[in-house]
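Read the structure below first, then the notes.
Protein chains: 2
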Amino acid sequence: MIPVRHLLKAQTRAAIRLVGTAAPNPSQGSAKPSSNTKYGAAAAALLAATATGGAIALAESKTEESKYRKLPKQKYPSPETPPIHPKESHHSDLNNPPPRPDLPTIPLEEVEQHNDEESMWYTFRGAVYDLTFFINGHPGGTPRLLMAAGQDLEPYWEVYRQHLRGHVVQWMEKYRIGNLSEEDAKKAVEGITFGDMYETDPIRDPNNLACSEKPFNGEPRLDLLTENYLTPNELFYVRNHLAVPDIDPDEYVLIVKGKGIKKHKFTLEDLKTKFPKHEVVTTLQCAGNRREDMHSNEHQIFISPHWVVGAMSNAKWGGVKIRDVLQYCGMDVDAMALGKLEDPKIKHLQFESYDTDETGFCYGNSIPIESAVDALGDALFAFEMNGEPLPRDHGFPVRVIAPGHVGNCQAKWLHKVIVSDKESSKPWKQKSYRGFAPDINFEEDLSHWPPKRLDQAPIVLFQPVTSLVCNPPQNSLMGAKDLTEITVKGVAWSGGGRGIERVDVSIDGGKSWTAAELYKPVEQKMNRQWAWTQFSKTLKLPEDVRKRLARGEQVSLDITSKAMNSDFNLQPETMEPYWNARGVCINHWYHVKVRNYFFVRRVV
Amino acid sequence: MIPVRHLLKAQTRAAIRLVGTAAPNPSQGSAKPSSNTKYGAAAAALLAATATGGAIALAESKTEESKYRKLPKQKYPSPETPPIHPKESHHSDLNNPPPRPDLPTIPLEEVEQHNDEESMWYTFRGAVYDLTFFINGHPGGTPRLLMAAGQDLEPYWEVYRQHLRGHVVQWMEKYRIGNLSEEDAKKAVEGITFGDMYETDPIRDPNNLACSEKPFNGEPRLDLLTENYLTPNELFYVRNHLAVPDIDPDEYVLIVKGKGIKKHKFTLEDLKTKFPKHEVVTTLQCAGNRREDMHSNEHQIFISPHWVVGAMSNAKWGGVKIRDVLQYCGMDVDAMALGKLEDPKIKHLQFESYDTDETGFCYGNSIPIESAVDALGDALFAFEMNGEPLPRDHGFPVRVIAPGHVGNCQAKWLHKVIVSDKESSKPWKQKSYRGFAPDINFEEDLSHWPPKRLDQAPIVLFQPVTSLVCNPPQNSLMGAKDLTEITVKGVAWSGGGRGIERVDVSIDGGKSWTAAELYKPVEQKMNRQWAWTQFSKTLKLPEDVRKRLARGEQVSLDITSKAMNSDFNLQPETMEPYWNARGVCINHWYHVKVRNYFFVRRVV
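Heads up: the protein sequence lines correspond to chains A and B, in order.
For reference, each letter of the first sequence is one residue, going 404 to 1007 in my numbering.
For reference, each letter of the second sequence is one residue, going 404 to 1007 in my numbering.
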């Protein structure tokens, strides 16, 4: 009845905590909260909720309410102004907490007692932190934070190495309350092993460049994106929030339930045979594409992955229309699409997926019901990608395709579909992808959750117009001395079905522009332009550049593009005024530098 | 049967041309082309077409084909590089052609013969120009150019004073072929009177600031826009392309015809009684709002009006849904909206209006049929504005309201509605509102029509996200010495139904930002957010500003805002990279400067 092999597998692989004696394995048996488990109470509650297919939303919102409480037992208060690493420190040094002889030594036994939402302490390389306030602030979710409470972070960060970029450890220094003795510091890591739930992830193409390994997030080599209009499956960017489930298609079940419909379960075969097949070409992009561009010493981004540029790809998806399935389950989708029927209980379509974190907390998201019932919206339960069954990295056997919507809405490894009056309460909906004003940062504002002025930080649903120069490749070399022109190629896209109406290209960094030729081979209707536009333009090199090339002199070009969408919205020139703490919807001009030879550094 | 009083009036008032003998008045009788009329052949054909309600589109596209022909009889070729006025010239000097003793003297009689599309000569203040190539390039349309061919421009520009801004006369110098004798120069203006078709225009509110008088284009005082959520009718910006018709509501007829429907005529009473009334709050903006910002010596804009900033307002419109009327006429609008019915002949809804130019050529435009049949699109034939009958300036008695669309689509004084496979062929659709790349200019490219690469210059249908600081007013003074904070108010809007999700405000010119509070009292659905958002934020003055104020020192603030829409598109910082020859969709940050006292220029 719940043929979810991967779930068992994932949990077997998950967080095994050994301090002195082995903790009970929560994946075995009933997963009821057990008094002798070292898992935090909230995590255990979440596990139970997952196992019974129940109230994850409730559990999540309960922890959201708890916020930061000043605990009376603040025996070791953290100093107001912690010392900051000197700027000249080597990068890897930044991952080591600095010596703090001013702080007390705290016994490991005492740390271990602070392991639930009432008080959460952690150790790392001899330092002790009180991160109780952070209960809802962690971008990776509350359950994981609880899972590691009272323990050392080293084994966890062995898996989640994205924490080891210096600024995370630096930030924690503010919440440091003490040190471990040398003996305890050794003991803290000796006792723990942390299973790697990512070990059964699929093998990826080497041209799909890893941006983070666990979970895997990979972007295609940018110069390959203009080779095909449809991105080959193995190159299509991969955005995983968790480990990849391993699902037996014969045992796969999709559950559709909620307000206004009759609960149904569909096998993969049901989906393929009960509904007409529909295909749509659509571009997907991660809301955080180009996040690394927003990360600097002055303005740091505390969310992963730090995409470089290529978290955008285009494919033809095959499946069944979500509206057809909802209609089958009893929803009058035509009346709703025509505005003849409105029900305040039917506002959102929530998705829950088969991928879970180490505590069993599953991925989830939602789309507005309008997007699902829209007769021209092309929203699918997809089982094919470019004519092949979905690859495992892209949601095998069934995922959501909600054209025009941000990538995270388009849940992979789809398990449950729930009609609701509310958006998904999952952190991937409520926390990770919000557009904060430039004066809001993680360190001061977002580590306490919910932050002030959350109403001024909309959740990303659609993404702005963007374009990327793919060829020539970044930092490539121009050819012969007698070069007179250069061909610039790239891709452009705008969320929400807005089309690309013009792309201007420049080889002088944006001083002068001319319109490129556009390639959009798929017929697309107004405001239903889901697929990207490729562009190309051969530009004459300016007279002075040609002369300098001919003389063998050093020449470099700054190639960039700016697209305009069907709303005449366009890409801003720079990033700074649009900086946002989550690093979402980054669409300033992307610059590609090319030159005519390798620069050799002269050794004096 | 054609109860259009205003048409007769307009034509009675219109272009009376007197050179020696009076030309026949085209508004009387059959309006057939007459061999002894001095009107050009194309204009006469257009008049005939208008009178028979017929093939204006054909006539227009015929002239579009004719383009620029090198005529063999170029007796007076214009020099390649004409002299340019010295930069230091006083502005009004620029409206006088410079002395050109290098050019031949051409007899007035000879000029008068060049009065049709084969050859079009004009005189102005003693200069003679051959503008034959310009036949389709004039933003005001071909018929008017033909109307004045062979004549002096002075009396025409007495009415259309927007030509007298220096750069127009400067540009024409390139096409100057000779001079008139002093005697002929006097004679050229003596013989002509040009009726003023604008003399029965309504009287406007003094707070509706005229940007051009004929036709009237007026923008509200910006600081008044945040006083009400619905802009009062008398303040609502006025964008007229032609003179305002004076229509008797009892004689008003709306004709609906074309592909796939049965032709119908509706009186105003029919519209009010046969269909349910529907109201919608929507913001209108002219595509050219803030055009003056794009006009500089280096990059001139040759299209009028040069709006300053306020061509945007918000009102509640009442009328009947266009889709209801089309359904009544036999169109299966529900099937079309649901994508169940598609007909390649039914692609656009063309509108023709009761306002005409001096030659009888009427205003026209179109919207995609999707916008008309969209069940949630709220497109109306509107007869009310903020609960009152439409004011004359806003289309009395009936206009189109197509929420989310650019202002020019929303035809006023609506006469005919035509279902077609094509967009309107009128210049207001095909020429005026296109987004050209920055390297395309009027002088070199657009004065010959159609220009190269027209396919890279999309027609504006929807407008990008924008916001305007309305209060404090531009160049206003801050109050007391003990001022500690300042309240910034404004309006923000995005075309195509995209909502405003966040507005950031800055008082240091954009160095630092914080999110404002948003006010959107009208409930609006996703992607149907037609009405603007007002914003407000009280900002603390920085410490140094407060100190300087207290000391009575000179202080100025640079207040600006940037809005983000529901696609997370945002306003660019500067205008330059987005300059376009038609001056459309201008949405860079709008800056308001305030200071603490009048600067008195010191006289040494």
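Every residue, glycine too, gets a C-beta built ideally from N, C-alpha and C.
Can you say whether Pro945/A is buried or exposed, counting buried as having 16 or more other CB atoms within 10 angstroms of its CB?
Reading the first sequence from its first residue, position 542 is the one you call residue 945/A. So Pro945/A ends up on the exposed side.
So who's on the other strand from Trp574/B, going by DSSP bridges?
The residue you call residue 574/B lines up with position 171 of the second sequence. None; Trp574/B has no bridge partner.
Mind listing which residues of the segment 943-974 of chain A have their C-beta closer than 9 Å to chain B's C-betas, in chain order?
Lys965, Met967, Asn968, Ser969, Asp970, Phe971, Asn972, Leu973, Gln974
Three or more C-beta pairs below 8 Å linking the segment 678-696 of chain A and the segment 650-663 of chain A:
no
Decide if Gly824/A is buried, meaning its Cβ has at least 16 other Cβ atoms within 10 Å, or exposed.
Numbered from its first residue, the first sequence carries residue 824/A at position 421. A quick correction: the sequence has Asp, not Gly, at residue 824/A. Burial call: exposed.
For Phe1008/B, would you say it is in contact with chain A, using Cβ-to-Cβ distances shorter than 9 Å as the test?
Because chain B is modelled from 404 through 1007, residue 1008/B falls outside the range shown and cannot be assessed.
Can you list the residues of chain B that Cys988/A reaches, using a CB-CB cut of under 8 Å?
To locate residue 988/A, count along the first sequence from 1; it is residue 585. Within 8 Å Cβ-Cβ: Phe971.
Could you tell me which chain B residues have their CB closer than 7 Å to the CB of Thr917/A, listed as they occur along the chain?
Translated into positions along the first sequence, residue 917/A becomes position 514. The answer, in chain order, is Ala840, Asp842.
List, in order along the chain, the chain A residues whose C-beta lies closer than 8 Å to that of Val863/B?
What you label residue 863/B is simply residue 460 of the second sequence in a count that begins at 1. By Cβ distance, chain A contributes Phe971.
Closest to Ile804/B by C-alpha separation, out of Phe865/B, Arg998/B, Gly721/B, Gln833/B, would be which residue?
As a working mapping, residue 804/B is identified with position 401 in the second sequence. Among Phe865/B, Arg998/B, Gly721/B, Gln833/B, the Cα nearest to that of Ile804/B is on Gly721/B.
Which residue marks the beginning of the beta strand (DSSP E) containing Ile962/A, and which one marks its end?
Taking the first residue of the first sequence as position 1, residue 962/A is located at position 559. Counting along the chain, the beta strand (DSSP E) containing Ile962/A begins and ends at 959-968.
My understanding is that Ser769/A touches Pro708/A, with C-beta atoms under 8 Å, so please give their C-beta distance in whole angstroms.
By 1-based counting over the first sequence, the position of residue 769/A is 366. By 1-based counting over the first sequence, the position of residue 708/A is 305. The pair is not a contact, with the Cβ atoms about 22 Å apart (cut-off 8 Å).
Got a sec: which bits of the segment 847-858 of chain A sit with their beta carbon under 8 Å from any beta carbon on chain B, in order along the chain?
Arg856
Could you tell me which residues DSSP puts in a beta bridge with Val531/B?
Taking the second sequence and counting its residues from 1, one reaches residue 531/B at position 128. DSSP output for Val531/B lists Thr526/B, Gly581/B as bridge partner(s).
If you compare alpha carbons, which of Ile772/B, His570/B, Phe619/B is closest to Leu752/B?
By 1-based counting over the second sequence, the position of residue 752/B is 349. With distances taken between Cα atoms, Leu752/B lies closest to Ile772/B.
Thr887/A, DSSP secondary structure in three states
Here residue 887/A refers to the residue found at position 484 of the first sequence. Note: Thr887/A maps to coil in three-state DSSP.
Under the three-state reduction of DSSP, which class applies to Glu847/A: helix, strand or coil?
If you number the first sequence from 1, residue 847/A lands on position 444. Glu847/A: helix per DSSP, three-state reduction.
Decide if the segment 980-987 of chain A is in contact with the segment 953-962 of chain A; the criterion is three or more beta carbon pairs, one per stretch, under 8 Å apart.
no
In angstroms with no decimal places, state the Cα-to-Cα distance between Asn643/A and Ile658/B.
The count along the first sequence starts at 1 and reaches residue 643/A at position 240. The count along the second sequence starts at 1 and reaches residue 658/B at position 255. Between Asn643/A and Ile658/B, the C-alpha separation is close to 57 Å.
Tyr1000/B, buried or exposed, once every other Cβ within 10 Å from all chains shown has been counted against 16
Here residue 1000/B is taken as the residue at index 597 of the second sequence, counted from 1. So Tyr1000/B counts as exposed.
Nearest chain A C-beta to Lys617/B closer than 9 Å, yes or no?
Stepping through the second sequence from its first residue, residue 617/B is reached at position 214. No, Lys617/B does not count as interfacial toward chain A.
If we ignore side chains and look at the alpha-carbon of each, how far apart do Pro875/B and Pro806/B end up?
The residue labelled residue 875/B in the question sits at position 472 within the second sequence. The residue labelled residue 806/B in the question sits at position 403 within the second sequence. Their backbone Cα atoms lie some 29 Å apart in a straight line.
DSSP three-state assignment for Trp992/B, whether helix, strand or coil:
In the second sequence, the residue the question calls residue 992/B occupies position 589. Note: Trp992/B maps to coil in three-state DSSP.
Would Ile725/B and Val820/B qualify as a contact pair, given that the criterion is a beta-carbon distance under 9 Å?
Your numbering for residue 725/B matches position 322 in the second sequence. Your numbering for residue 820/B matches position 417 in the second sequence. Yes, these two residues count as a Cβ contact at 9 Å.
Below 6 Å CB to CB, which residues in the same chain sit around Asp758/B once its five sequence neighbours on both sides are set aside?
The count along the second sequence starts at 1 and reaches residue 758/B at position 355. Cβ within range, chain order: Leu645, Pro648, Tyr766, Trp816.
Using only CA atoms, which one of Gln932/B, Ser909/B, Lys940/B lies nearest to Trp992/B?
Along the second sequence, one-based indexing puts residue 992/B at 589. The residue with the shortest Cα to Cα distance from Trp992/B is Ser909/B.
CB-CB under 6 Å to Arg795/B, same chain, minus the five flanking residues each way: which ones, in chain order?
In the second sequence, residue 795/B corresponds to position 392, counting from 1. Answer for Arg795/B: Pro605, Val647, listed in chain order.
Taking the straight line between their C-alpha atoms, what separation do you get for Val997/A and Ser879/A?
Position 594 of the first sequence, counting from 1, holds the residue named residue 997/A. Position 476 of the first sequence, counting from 1, holds the residue named residue 879/A. Cα-Cα distance, rounded: 5 Å.
Taking the beta carbon of Thr686/B as the centre, do at least 16 other beta carbons fall within 10 Å, making it buried, or is it exposed?
Your numbering for residue 686/B matches position 283 in the second sequence. Thr686/B is buried by the Cβ-count criterion.
Any C-beta of chain B sitting closer than 9 Å to the C-beta of Leu779/A?
Residue mapping note: residue 779/A aligns to position 376 of the first sequence, counting from 1. Leu779/A counts as touching chain B.
At what residues does the beta strand (DSSP E) containing Gln833/B begin and finish?
In the second sequence, the residue the question calls residue 833/B occupies position 430. Run containing Gln833/B: none in the beta strand (DSSP E); it sits in the alpha helix (DSSP H), 830-833.
Candidates Leu534/A, Lys577/A, Leu583/A, Pro507/A, of which the one nearest Asn518/A by Cα
Residue 518/A sits at position 115 when you count from the first residue of the first sequence. Checking every option, the nearest Cα to that of Asn518/A belongs to Leu534/A.
So Trp720/A is in the beta strand (DSSP E); what residue range does that whole segment cover?
As a position in the first sequence, residue 720/A is number 317, starting the count at 1. 715-724 is the span of the beta strand (DSSP E), which, as asked, contains Trp720/A.
Distance cut-off 8 Å: Gly543/B Cβ against heavy atoms of the ligand MG:
For the ligand MG, the structure offers nothing, since it holds no ligand at all.
Report yes if the CB atom of Ala362/A is closer than 9 Å to the CB atom of Val684/A, and no otherwise.
Residue 362/A is absent from the structure shown; chain A starts at 404 and stops at 1007.
What does Leu741/A touch in chain B if you count any residue whose Cβ is under 9 Å from its own?
As a first step, residue 741/A must be located in the first sequence, where it is residue number 338. Under the 9 Å cutoff, chain B gives Asp737, Ala740, Leu741, Ala778, Leu779.
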